[in-house]
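This report refers to the structure that appears directly beneath it.
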Amino acid sequence: MHRTGSLLLAATLGSAILVSIAAGQQRSADLGSVLLQQPSVKAAVELARTDELRTIEDQIRICEVEAPPFQEGKRAEVYAGMFRDAGLKNVRIDAEGNVIGERPGASARPHLVMSAHLDTVFPRGTAVKVRRQGYVLRGPGIGDDCRGLADLLAVARVLNKAGVATPGTISFVGTVGEEGLGDLRGVRRLFNETLKDRIDRFVSIDGEGLGITHIAIGSARFRVTFKGPGGHSFGSFGIVNPVHALGRAVARISEFQVPGSPRTTFNVGRIGGGTSINAIAPEAWMEVDLRSSDAATLRSLEKQFRQAVHDAVTQENERWSSSSLTVSIDTVGMRPAGRVPATAPIVQAAVSVSKALNLPISFAEGSTDSNLPLSLGIPAITIDTGGRGSGAHTENETFDATDAWKGTQRAVLLAVTLAQP
Ligand SMILES: [Zn+2]
C-alpha cells in the first residue's frame, strides 16, 4: 500500500479518471463528500437512483431462483452470469460455492471485498415466485438477502457504466452458507483459502434499513442428545428417562442470568424425542442457541450450559440409582464474536458516506458474514440495503423498495471510498 502526500489526485488511467485521495485525508470526516465531487463518482451515485427499476428487476430475478441451505448452486450460476453482464472480471465460483467477480483498480491493494449472501433459510420446494404491488415486493428471501445481492450487482454495474476507476481493487462476492446451519461456511472459505491474506476490508450488504453494523454477535449452537435404555412406561418404571433429563436441563438453562450489556441471550429452540405416550423414551434431544456480542461472555455462557446439561444427567441418574443415562453435545454452529470501534476508519468511512448523501447514521450489532473477518481482526462492517422490510425468514417476507435506492447509493459511494489507499 502506498501512502504519501495529502493532495487530492486526479490522474488519468486510460480514458477513465482515477479517483484517488491520499492517506492524510483518508480519515477526514468529509471523505465521502470529497469523493462525491468527482464527476465519475457523482455519475455512478446518480445511476444508482435512476437505475432503481433495474435493481428491483434484478432483485426479483435472483429471488425466483431458489437457494436452500447447502443448495445454492443454481442461484450461484445465475448470479455469476449477472456478474459477467455487469462487466466484472475473472468471474468464478470457488470450491465452497461462493461467486466471485473482480473489478481491478490501479493496484491490487487495498483490496476491498463487498458481499451479499446467496442462501436463504427456506427448504427446497418453497414457492419462490415474487408478488409485486408497486414498490412492495413479497416473497421468501426478497429482502434477506435478495436485495443485498441486487445492490451488490448494482454497485458493480454503475461503477462500470460511469467509468469510475479506483486506486484499489474491489472483489464482489455472493457468499454461500450465511444462514443457520450454513455456519458462515462461504465466508470462512473466502478468508481461509480462496482469498486468504488478500482481503484488507470487508463490507457485507445484508438487512433492510440504513444501519451500520460494526459489532458482531457471536453465537454457539448445540444439539444435545440424551439416551437411556427405554422401556414400557408401566412395566419398566424405575429406569432413567431421557425426556425427564431433558426437562431438568431446560429448567436449569431457563434460569440462567445473563448481562444486558454486552447483550447476551440463550434459547432452547427445538426439542424432540420419545416414541409413544406409554413408552419411556430411549432418546430425547434439544437444540440450543447461545449468543453474545462479547467473546469471553459467550465462552462463559457455553461453560454454564455444558455444566447444566451434565448436572441434569447426574441428577436423573441419581434419582434412579443408575448410570445408564448418557448425553452427547454436538456443536452445530459456532459464529465468532468481534467488533471494530465506531471510531475505526472503516466505520468512519460509512459515516462520512452517509453524511455526504444526507442519510441518517445508526449503528447496530448483528450476526452476519462480517463476524468472520471481525474475529480475524480484519476491518469489516455490514451495511443495510435501504428500503423497509418485514417478516424476514418467513415465506411472507416483504420488502418495500420505496426510496431503497438511497441504500444502493450509499453502497456505491462506500465502495469507492474503501477502495482508496
Ligand atoms: Zn441475511
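With our numbering as the guide, the letters of the sequence shown map in order to residues 863 to 1283.
Even for Gly, the Cβ is constructed at its ideal location relative to N, Cα and C.
The structure displayed is predicted, hence computed values, not measured ones.
Inter-residue spacing [alpha-carbon to alpha-carbon] between residue i and residue j
i     : j     : result
G1302 : D1151 : The displayed coordinates of the chain run from 863 to 1283. Any statement about residue 1302 would go beyond what the structure contains.
Q887  : L1275 : Any answer about Q887 is weak, because its pLDDT of 44 lies below 50 and its placement is not dependable; what the coordinates show is given next. Whole-angstrom Cα-Cα distance: 16 Å.
G987  : G1080 : 31 Å
S1184 : S1033 : 59 Å
R1114 : R1063 : 42 Å
L1219 : V1194 : 41 Å
P1104 : R1051 : 38 Å
H1172 : H1255 : 33 Å
A885  : P1203 : Caution applies to A885, whose pLDDT of 41 falls short of 50 and renders its modelled position unreliable; the value that the coordinates give is listed next. One C-alpha to the other measures close to 20 Å.
A1266 : M976  : 18 Å
G1200 : V1130 : 24 Å
R1153 : F1118 : 13 Å
A1170 : F1128 : 13 Å
L1324 : R1250 : What the structure shows of the chain is the stretch from 863 to 1283, and residue 1324 is not part of that stretch, so it cannot be assessed.
T1244 : V1065 : 5 Å
V1120 : R1161 : 12 Å
L897  : T1279 : 7 Å
G894  : V1215 : 4 Å
Q995  : G1253 : 17 Å
L915  : A906  : 15 Å
T1087 : T1188 : 8 Å
Nonlocal neighbours in the same chain, by C-beta distance under 8 Å from residue i, ignoring five residues either side
i     : result
A1141 : G1092, G1093, H1094 and S1095
I1139 : S1095
P1198 : A1078, G1080, A1157, N1233, L1234, L1236 and S1237
Run of the beta strand (DSSP E) containing residue i, from where it starts to where it stops
i     : result
E1145 : E1145 to S1154
G1134 : T1126 to G1135
T1193 : T1188 to R1197
Same chain, Cβ closer than 6 Å to residue i, neighbours up to 5 away in sequence not counted
i     : result
A929  : R937, L980, D981 and T982
G1010 : A978, I1067, D1068 and T1247
V1049 : T1037, D1231 and L1234
T1159 : P1124 and T1126
E1145 : K1089, P1104 and G1135
S1224 : G1073
C925  : V992, G1001, G1003, I1004 and C1008
E934  : G959, L980, D981 and V1038
A1174 : A1107, R1110 and A1111
Sub-8 Å separation of residue i and residue j beta-carbons
i     : j     : result
T1075 : A1012 : no
A948  : R1019 : yes
R1168 : M1148 : no
F1084 : I1191 : yes
V1017 : A1273 : yes
R946  : Q1271 : no
V1035 : V961  : yes
Residues of its chain near residue i, where Cβ-Cβ distance is below 7 Å and the 5 sequence neighbours each way are ignored
i     : result
P966  : K951 and T1031
F1053 : I1061, L1234, P1235 and L1238
P1002 : T982, F984, T988, V990, E1257 and E1259
I1240 : I1061 and F1064
W1182 : G1100, I1101 and V1102
L1221 : L1072, K1268 and R1272
Nearest to residue i (by Cα), restricted to the options the options
i     : options                       : result
K904  : D956, V998 and N1022          : N1022
G959  : E939, S1190, A1107 and Q1177  : E939
A1111 : A1143, S1138, Q1166 and I1077 : Q1166
A957  : S969, A970, H973 and F932     : F932
H1106 : L1015, A968, T1176 and R954   : T1176
Unbroken alpha helix (DSSP H) run spanning residue i, endpoints
i     : result
F945  : G935 to D947
I1079 : Unbroken run through I1079: none, as it is neither H nor E.
H1106 : P1104 to S1116
R1272 : W1267 to L1280
A891  : Neither: A891 is in no alpha helix (DSSP H) and is coded neither H nor E.
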